[in-house]
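Position 513 of the sequence shown, counted from 1, bears residue number 512 in numbering that gives the first Met the number 0, the numbering being contiguous throughout.
Below is one structure; the comments refer to it alone.
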Amino acid sequence: MFIHWRTIQRCLAYPAMLLTLNAAAAPLPAHDENSHDRKTATPIHHVIVIIGENRSFDNLFATYMPKKGQTVLNLYSEGIVNADGTPGPNFSTAAQMQAVDPATFQLSPGGKTAYTTLPAPNTGGAPEYASDTNPAPFATLGAATAAEPALLPNDLGMLLTGATGLPKGTLDTRVANYATLANGPFQLTPSVGYDAYANSPVHRFYQMWQQSDCSVAQATPQNPSGCLNDLYPWVEVTVGAGTNGKTQPAGFTDESTHEGATSMGFYNMSQGDAAFTRELADTYTISDNYHQAIMGGTGANHVAIGTADAIWYSDGNGNVATPPSNEIENPNPQAGTNNWYTQDGYSGGSYSNCSDPTQPGVQPILSYLNSLPSKPASRCAPGAYYLLNNYNPGYFGNGTADTVDSYTIPPSTLRTIGDELLENNISWKYYGEGWNLYVNDPEFTNTLNRYCNICNPFAYATSIMTNAQVRTAHLADVTGENGLFEDLEDGTLPAVSFAKPDGFLDGHPASSKWDLFEGFVGDVLTRLKANPKLAADTAVIVTTDEAGGYYDSGYIQPLDFFGDGPRIPLIVVSPYSRGGRVVHTYTDHASIAKFIERNWNLAPITNRSRDNFPNPAPSAASAYVPSNSPAIGDLMDMFDFGQAEDGN
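Next comes the structure, spelled out in structure tokens:
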């Protein structure tokens, strides 16, 4: 028996009502005496990490007002916007700047002047209309039902709604005052409905570093990194999602990249947007200081979730190698342009040898790190070209090496949390929705195949993918036999789980919507709570891979060459995280590995992975700034293990 997730908002406080409704729930299976699953430091014996896509903290939580006694850092609390989304008394502190980038890439370019009005937002690649032949969204409920098995029936209708009604790559006239937007964050709703598809801002490595505008000359005690976060639209309109080595097109304008100031849009929780996310925040515990681990996009950040590290180009046998020249990043502006990168893009540069300061783009970041009082190490191995953005993993789902696609990182020997769990006899799975379809359709010829191959951090790893027994046991779908839903229902959920919705439901702007991701999360929670014995010792960690290029006002701690990046949402749902708390401890994706390791008494993944960093020590200047940088938390303070399971 299942309860629709909109109903479950009324009974989120575990598990009294659900115990009544689900008295016949499946018992937990017999314990394997050889397993270390239950040898934990806390009452948590199961962790599920659900990873959505491309939302900054302020994009969703801009106007969130926490429960009495709690504080939060967001656009509303900072006075940047009012509760109704209009400019607040401190609106100017989020003003965005234009700049002039000289012949070489600059982390904090000069010649900055404030925008008078923001560049008009663009529709980009958001769907124009409902079409079953171009499915996002669908035109009929039957087509949506056939395509998407991971939504509860009452939510399938969201796949039929929200198309822009406008051509792709044109001015987004749905945005109120789109041509005269004040210089700062703007509310998307109600003129762009919360259930509407919207454009996706640029979210690539060098672009994100540049948008953050970091310089020690700009540092203060409350912001010792000196990152001003004031170049978001300028980077969007000058280079966007990359050049792929092409010359700048003739007649180039602020709309040529099809982004405009898309990055500055936000939703308004105080006016009803993201209601399910807000309900989870009010009921459980959130962080307002959790960050994407890598500046840049989806692939590199999912790798960080699985490894607490960055992945590098090899010869396929574990040896450092040099990638093809057109795959090496060069963010130096092309001659005669202002910030149009020489080589960067999804079919272009994505690697940098950051151990070599003569490589394009590298020196400005290394110089910045060295200028900081903490002088964080670059963590760049000699001669290694690190993947900074998105390329295909080295293996197809059946374990064969991908030698078909040009932009593919070779098979990797980088150690993962999966290797560590295997060695310590702790069960785990990566559940990627659409896995079963993808295994038989690795080239994505089926238009319904929206499995995210770059999101699976274990698909890059030789140790996992070339071992058929390991691959079969630990990589699964969300639906179907041995999938997440089945494992939740019959109580066979492993100790550690990673769950990734497909491209229809992951919340990625343009190709998905946040309410669809909420529907996926709600379905998982519904099925979990239908098994009260399992729910009683399970923690569900809900986050996104990265901020998606959306503006965020929070502090960024420089940890190494790769990041950190902006803040992203993090919610912990468990019997031990009730209360509507907001935790300010500095954390990032490596914190998930740190929590798993501390809970199951494991060592760090490697001697260089970020899970070696200490937990943050308090700072007198700010609750958000560790005094012992570089430092990241282990998420333990998201829990109160003194809470009784009945909530008393």
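The beta carbon of each residue, even a glycine, is placed where N, CA and C say it ideally should be.
Contacting residues, own chain, Cβ-Cβ under 8 Å from residue i (five flanking each side not counted)
i      : result
ARG470 : GLY398, ILE463, MET464
PHE516 : GLY51, GLU52, PRO500, LEU504, ASP505, GLY506
ASP57  : ASN73, LEU74, PRO184, PHE265, TYR549, TYR550, ASP551, SER552, GLY553, ARG566
LEU159 : ALA129, PRO136, PHE137, ALA138, THR139, LEU140, ALA143
PRO629 : SER373, PRO375, GLN556, PRO557, LEU558, ASP559, PHE612
GLY579 : PRO65, LYS66, GLN69, ALA280, ASP281, THR282, TYR283, THR284
Residues that DSSP places opposite residue i in a beta bridge
i      : result
ALA460 : SER411
PHE497 : VAL48, TYR429
SER351 : TYR385
VAL99  : GLY109
ALA538 : VAL46
GLN186 : PHE265
VAL319 : SER313
ALA475 : TYR430
THR586 : TYR289
ILE570 : ILE285, VAL541
CYS213 : CYS226
ASP83  : ASP83 pairs with nothing; no bridge assigned.
ASN391 : THR407
Alpha-carbon to alpha-carbon, residue j and residue i
i      : j      : result
TYR340 : SER107 : 15 Å
ASN283 : VAL572 : Residue 283 is actually Tyr in this sequence, not Asn. Those two C-alpha atoms are separated by around 6 Å.
GLY315 : PRO134 : 36 Å
ALA303 : ILE293 : 7 Å
PHE137 : LYS428 : 31 Å
SER366 : SER377 : 10 Å
THR41  : GLN642 : 12 Å
LEU165 : GLY124 : 11 Å
ASP404 : TYR390 : 9 Å
SER590 : VAL236 : 34 Å
LEU535 : PRO574 : Sequence check: residue 535 is Ala here, not Leu. Straight-line Cα distance between these residues: approximately 6 Å.
TRP311 : SER411 : 8 Å
GLN468 : ILE604 : 22 Å
ALA102 : SER351 : 19 Å
LEU170 : GLY632 : 42 Å
VAL670 : ALA509 : As displayed, the chain neither begins before 0 nor continues past 647, which places residue 670 out of reach and without an answer.
THR85  : THR179 : 14 Å
GLY156 : GLU596 : 40 Å
ALA334 : PRO323 : 23 Å
VAL624 : ASN222 : 8 Å
GLY482 : THR39  : 25 Å
GLN270 : ALA93  : 21 Å
HIS290 : GLY161 : 29 Å
ILE285 : VAL582 : 6 Å
ALA602 : THR246 : 48 Å
LEU634 : SER255 : 42 Å
SER426 : GLU485 : 16 Å
GLN342 : GLY518 : 39 Å
CYS226 : TYR205 : 14 Å
PHE251 : ASP418 : 49 Å
Close Cβ partners of residue i (< 7 Å) along its chain, the five nearest in sequence each way excluded
i      : result
ASN435 : ASP476, GLY479
THR19  : Caution applies to THR19, whose pLDDT of 27 falls short of 50 and renders its modelled position unreliable; the model cannot decide the point.
PRO456 : HIS301, VAL302, ILE304, GLY305, THR306, THR415
CYS353 : VAL361, SER377, CYS379, TYR385, PHE560
ASN337 : VAL99, ASP100, THR237
TYR394 : ALA400, ASP401, PRO410, ALA458, MET464
ILE364 : LEU106, TRP208, PHE560
Distance between beta carbons of residue j and residue i, contact taken as under 8 Å
i      : j      : result
LEU117 : GLN97  : Actually they do not touch by this definition, with Cβ atoms about 11 Å apart.
GLY298 : ASN388 : 6 Å
GLY431 : ASN448 : At roughly 12 Å, the Cβ-Cβ gap does not stay under 8 Å, so GLY431 and ASN448 are not in contact.
ASN89  : ASN424 : Not quite, the Cβ-Cβ distance comes to about 53 Å (not below 8 Å), so this is no contact.
SER346 : TYR437 : Actually they do not touch by this definition, with Cβ atoms about 21 Å apart.
TRP599 : HIS35  : 7 Å
Contacting residues, own chain, Cβ-Cβ under 6 Å from residue i (five flanking each side not counted)
i      : result
ALA142 : ASP131
VAL319 : GLY382, ALA383
VAL46  : VAL495, ALA538
ASP154 : GLY518
(Q) Does the structure place the segment 269 to 282 close enough to the segment 372 to 382 that three or more beta carbon pairs sit under 8 Å? (A) no
Q: Could you tell me whether the segment 242 to 258 touches the segment 101 to 116, using the rule of 3 or more Cβ pairs below 8 Å?
A: no
Q. So does the segment 256 to 267 actually touch the segment 568 to 586, counting three or more Cβ pairs closer than 8 Å?
A. no
Q) Is the segment 521 to 532 in contact with the segment 542 to 549, if contact means three or more CB pairs nearer than 8 Å? A) no
Q | Stretch pair the segment 530 to 543 + the segment 172 to 179: three plus CB contacts closer than 8 Å | A | no
Q) Given 8 Å as the limit, is there contact between the segment 229 to 238 and the segment 191 to 205, that is, 3 or more CB pairs closer than that? A) yes
Q.
Within 8 Å, do at least three Cβ pairs link the segment 358 to 365 to the segment 321 to 336?
A. yes
Q.
Under 8 Å: do the segment 442 to 452 and the segment 616 to 633 share three or more Cβ pairs, one atom per stretch?
A. no
Q) Is it true that the segment 557 to 565 meets the segment 77 to 84, where meeting means three or more beta-carbon pairs spaced less than 8 Å apart? A) no
**Q.** Stretch pair the segment 56 to 70 + the segment 205 to 216: three plus CB contacts closer than 8 Å
**A.** no
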